[in-house]
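For the sequence shown, position 397 (counting from the first letter as 1) is numbered 617 according to our numbering, and the numbering increases by one without interruption.
Inspection log for the structure reproduced underneath, given as structure tokens.
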Amino acid sequence: MKITASASWKALEAHRLSLSPLHLRQLFARDPGRVASLSLGFDGILFDFSKQRIDSTTLSLLAALAREARLDEATARMFGGEKINASEDRSVLHVALRRSSGPFPGAELDVMPEVLATRLRMAAFADRIRSGEALGFTGQPIRHVVNIGIGGSDLGPKMLGCALRSVSHPALDVHYVSNLDGAQLAPLLQTLDPRTTLFLVASKTFTTQETMLNAQTARNWLVANLGDAAAVSRHFAALTAKPERAVQFGIREDSVFPLWDWVGGRFSLWSAVGLALMIAIGPHAFADLLAGAERMDEHFRSTPYERNLPVVMALIGIWNTNFLGATSNAVLPYNESLKYFPSFLQQLEMESNGKSVGVDGQPLACSSNPIVWGELGNNGQHAFFQLLHQGGRLVPCDFIAAVRSDYPLPGHQEALLANCFAQSAALAFGKTAEEARSELEGTMPAAALEALLPHKVFAGNQPSSTLLLERLDPQTLGALIALYEHKVFVQGVIWGLNSFDQWGVELGKAVASSILPAIGNPELAAKLDASTQGLLAFSRQHLG
Ligand code: F6P
Numbered sequence: 221m222k223i224t225a226s227a228s229w230k231a232l233e234a235h236r237l238s239l240s241p242l243h244l245r246q247l248f249a250r251d252p253g254r255v256a257s258l259s260l261g262f263d264g265i266l267f268d269f270s271k272q273r274i275d276s277t278t279l280s281l282l283a284a285l286a287r288e289a290r291l292d293e294a295t296a297r298m299f300g301g302e303k304i305n306a307s308e309d310r311s312v313l314h315v316a317l318r319r320s321s322g323p324f325p326g327a328e329l330d331v332m333p334e335v336l337a338t339r340l341r342m343a344a345f346a347d348r349i350r351s352g353e354a355l356g357f358t359g360q361p362i363r364h365v366v367n368i369g370i371g372g373s374d375l376g377p378k379m380l381g382c383a384l385r386s387v388s389h390p391a392l393d394v395h396y397v398s399n400l401d402g403a404q405l406a407p408l409l410q411t412l413d414p415r416t417t418l419f420l421v422a423s424k425t426f427t428t429q430e431t432m433l434n435a436q437t438a439r440n441w442l443v444a445n446l447g448d449a450a451a452v453s454r455h456f457a458a459l460t461a462k463p464e465r466a467v468q469f470g471i472r473e474d475s476v477f478p479l480w481d482w483v484g485g486r487f488s489l490w491s492a493v494g495l496a497l498m499i500a501i502g503p504h505a506f507a508d509l510l511a512g513a514e515r516m517d518e519h520f521r522s523t524p525y526e527r528n529l530p531v532v533m534a535l536i537g538i539w540n541t542n543f544l545g546a547t548s549n550a551v552l553p554y555n556e557s558l559k560y561f562p563s564f565l566q567q568l569e570m571e572s573n574g575k576s577v578g579v580d581g582q583p584l585a586c587s588s589n590p591i592v593w594g595e596l597g598n599n600g601q602h603a604f605f606q607l608l609h610q611g612g613r614l615v616p617c618d619f620i621a622a623v624r625s626d627y628p629l630p631g632h633q634e635a636l637l638a639n640c641f642a643q644s645a646a647l648a649f650g651k652t653a654e655e656a657r658s659e660l661e662g663t664m665p666a667a668a669l670e671a672l673l674p675h676k677v678f679a680g681n682q683p684s685s686t687l688l689l690e691r692l693d694p695q696t697l698g699a700l701i702a703l704y705e706h707k708v709f710v711q712g713v714i715w716g717l718n719s720f721d722q723w724g725v726e727l728g729k730a731v732a733s734s735i736l737p738a739i740g741n742p743e744l745a746a747k748l749d750a751s752t753q754g755l756l757a758f759s760r761q762h763l764g
């Protein structure tokens with residue numbers, strides 16, 4: 221049965237009719253206990269969803285929807301190692317990567333020995349780099365680490381590397397290179413000393429075009445500068461599920477760190493793909509990150525839906541998308557260290573749930589993931605927030621802030637928090653024409669006031685949640701990321717799709733490989749569509 225035909229879906233549709241005429245101002249006015257009943261706490265995280273356009277009944281009805289979608293069974297299947305990624309015939313066990321002990325998921329299929337062994341190898345490797353013990357080909361200690369990867373092999377570690385810069389090794393520079401555009405790698409190479417640089421080639425498949433081309437260019441640069449191909453073995457390591465391909469590339473077997481086909485790329489930061497991050501923050505802090513995620517896993521598995529952070533967050537998203545009609549979701553961190561969080565979430569959410577076919581191969585009966593976008597909130601206020609306030613579109617927002625700053629400057633943190641809280645309040649409550657009029661009265665002639673008035677009105681009623689963290693430490697960040705991961709899983713279950721494949725990215729890769737040889741070959745180009753032919757003809761004229 222399609223979820224849209226379920227009793228709980230129909231109950232939610234009926235409930236929307238009675239609730240949607242109420243403005244957030246009214247919802248707050250009629251329930252003084254609203255903030256207490258519509259917020260949750262977990263390990264240094266306050267999740268305030270009182271500014272969503274819901275009430276306690278909405279939450280109960282949404283929880284019933286999760287029950288009707290058999291979320292508990294789906295969760296048990298994932299944690300039990302069943303092959304829930306059916307289109308790729310794979311288990312989904314990234315949760316194993318943050319477990320502190322085994323066996324997991326069960327004695328019959330126990331992945332923990334290899335998980336723990338790899339974690340120990342990573343820690344030993346990271347410690348040797350951090351202490352200066354690991355020497356390059358010319359006998360000098362490693363000082364620069366360059367992670368070459370893209371998508372899940374880049375976004376998570378890069379995002380956390382930035383978020384945890386304040387606890388990172390002061391004498392090691394860790395860089396992330398993902399883009400095919402030489403404008404990223406070329407200037408970086410100019411700043412690096414090949415004698416002290418280590419490249420980590422992060423690719424689950426070890427075939428991704430961007431990563432392999434960047435890795436090859438880095439290899440050529442290293443060999444050209446150190447004058448010996450043997451140098452590669454001291455300056456390259458690989459993080460991959462295809463170790464044989466890494467060895468073929470010239471990487472020493474003991475510098476190859478495995479992941480497994482049951483780790484999806486966008487869920488892989490907890491695996492060997494996190495090595496650059498572990499080198500930056502150290503194995504202890506990395507263990508704290510895993511511990512935070514593991515605590516969120518346990519919370520997710522064991523907490524009733526109405527008090528379960530990932531479930532509630534997912535259900536609010538379902539409400540906004542499928543019942544209120546939102547088509548996008550803004551992620552607005554009020555914390556410079558979280559500047560890469562929106563792009564990390566874009567992959568996590570849109571690559572997972574940006575689908576319109578269900579696990580049964582049939583078209584979904586409802587919309588799935590909204591467009592996730594975002595930017596540092598404080599910067600966004602002076603750019604696109606105008607549309608959020610007065611653009612007339614429904615754009616639910618996730619505000620994220622940390623109370624304590626790692627970079628305290630007098631007055632800055634208080635002002636930052638005030639802005640964050642002000643924006644969600646202004647979006648929720650707006651400003652009525654009466655309020656605007658009483659502010660303007662006496663400041664200008666009546667006719668001018670009436671002309672200006674419509675521009676000074678804010679409709680409000682823009683829903684948002686605020687995730688307020690005590691501080692941005694590894695444990696809290698681990699929990700925060702696991703929170704969003706499980707949110708994605710819950711939504712996928714309710715929409716009835718497979719959150720763990722990504723067939724939609726394949727067509728573009730295949731088309732690119734047919735266009736590449738045509739760039740220098742007009743005969744091949746002639747077989748392509750007319751627009752591509754035109755673009756190629758122009759490129760051929762101007763390519764250096
Ligand atoms: O093209 C999409 C994708 O497969 C992502 O799912 C993945 O995170 C990224 O490319 C990189 O893949 P790999 O780690 O195999 O290089």
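We put the CB at the ideal spot given by N, CA and C, even for glycine.
Checklist line | Beta-bridge pairing of Gly-594 - partner residues as DSSP gives them | finding: Val-551
**Asked** Quick one: what does DSSP say Asp-474 is sitting in, helix, strand or coil?
**Response** helix
Requested in this report: Take Ala-383 as the anchor and find which of Ala-327, Ile-362, Phe-543 and Pro-553 has the nearest alpha-carbon.
Outcome: Pro-553
Using alpha carbons as the reference points, say which of Asp-251, Asp-263 and Thr-277 lies closest to Ile-536.
-> Thr-277
According to the Cβ coordinates, are Gly-574 and Asn-589 closer than 7 Å?
yes
Problem - Tyr-560 (DSSP reduced to helix, strand or coil) - result: coil
message: I need the straight-line Cα distance from Gly-494 to Pro-478, nearest angstrom please.
response: 11 Å
Thinking C-beta only, is Leu-687 closer than 7 Å to Phe-165?
One cannot answer for residue 165 here, as it falls past the ends of the chain, which runs 221 to 764.
For Ser-776, which of helix, strand or coil comes out of DSSP?
-> Nothing about residue 776 can be reported from this structure: the residues present for the chain run from 221 to 764 only.
Check: How many angstroms separate the CA atom of Met-379 from the CA atom of Ala-283?
Finding: 32 Å
Practice item. Please look up how many angstroms separate the CB atoms of Phe-619 and Ser-684, rounded, as I've assumed it's under 8 Å. Key: 6 Å
In three-state DSSP terms, what is Asp-481? coil
inquiry  = When you measure from the CB of Thr-425 to every non-hydrogen atom of ligand 1, does any distance come out below 6 Å?
reply    = yes
Output needed for Met-570: all residues of its chain with C-beta closer than 8 Å, excluding positions within five of it in sequence on either side, in chain order. Asn-589, Ile-591 and Val-592
Leu-489 versus Phe-720: straight-line alpha-carbon distance, rounded: 15 Å
ask   = My guess is that Gly-611 and Ala-648 are in contact by the Cβ rule of under 8 Å, so how many angstroms apart are they, rounded?
value = So it is not a contact: roughly 16 Å between Cβ atoms.
- [ ] Just grab the DSSP bridge partners of Ile-368 for me.
- [x] Val-397 and Val-421
**Asked** Taking the Cβ atom as the reference point for each residue, do Val-387 and Ile-501 lie within a distance shorter than 7 Å?
**Response** yes
Worksheet item: Measuring CA to CA, which of Val-467, Gln-566 and Leu-607 is closest to Val-476?
Response: Val-467
Task: Short Cβ contact (7 Å threshold) for Asp-374 with Tyr-396 - done: yes
*Starting from the Cα of Ile-499, find the closest Cα among Ser-733, Ala-546, Ala-256 and Gly-352 and give me that residue.*
Gly-352
- request: Just tell me which of Glu-464, Phe-469 and Arg-465 has its CA closest to the CA of Ala-451.
  value: Phe-469
Out of Ala-546, Leu-355, Ala-461 and Ile-265, which one is the CA nearest neighbour of Thr-425? Ala-461
Q: Spatial neighbours of Arg-454 within its chain, please: CB distance less than 6 Å, with the 5 preceding and 5 following residues excluded, ordered by chain position.
A: Gly-356 and Phe-357
Contacts around Val-295, its chain only, beta-carbon distance under 7 Å, and the 5 residues preceding and following it disregarded
What sits at residue 295 in the sequence shown is Thr, not Val. Excluding residues within five positions, the ones whose Cβ falls inside 7 Å are Arg-521.
- request: Please go through the same chain and pick out, in chain order, the residues whose beta-carbon is closer than 8 Å to the beta-carbon of Lys-729, but skip the five residues on each side of it.
  value: Gln-429
### Message
Would the region 296-307 count as touching the region 316-326 if we require 3 or more Cβ pairs under 8 Å?
### Response
yes
Q) Taking one C-beta from the region 331-340 and one from the region 302-319 each time, how about it: are there three or more such pairs within less than 8 Å? A) yes
Would you mind listing the beta strand (DSSP E) stretches within the region 303-344 that are 3+ residues and don't spill past its ends, in chain order?
none
If contact is defined by three or more beta carbon pairs under 8 Å, each pair taking one atom from either stretch, is the region 252-259 in contact with the region 505-524?
no
Practice problem: Please confirm whether any heavy atom of ligand 1 lies closer than 6 Å to the CB of Thr-431. | Solution: yes
Check: Going along the chain, which residues of its own chain have a beta-carbon closer than 7 Å to the beta-carbon of Pro-530, five neighbours each way excluded?
Finding: Phe-520, Leu-703, His-706, Lys-707 and Val-710
Regarding Gly-381 and ligand 1, is the C-beta to nearest heavy atom distance less than 6 Å?
-> no
task: Examine ligand 1 and report whether any of its heavy atoms sits within less than 6 Å of the Cβ of Gln-643.
output: no
Quick check on the DSSP output: what are the complete alpha helix (DSSP H) runs of length 4 or more inside the region 692-753, in order along the chain?
694-715, 726-735 and 742-745
> Candidates Leu-291, Met-516 and Leu-660: which alpha carbon is nearest Ile-223's?
Replying inline: Leu-291
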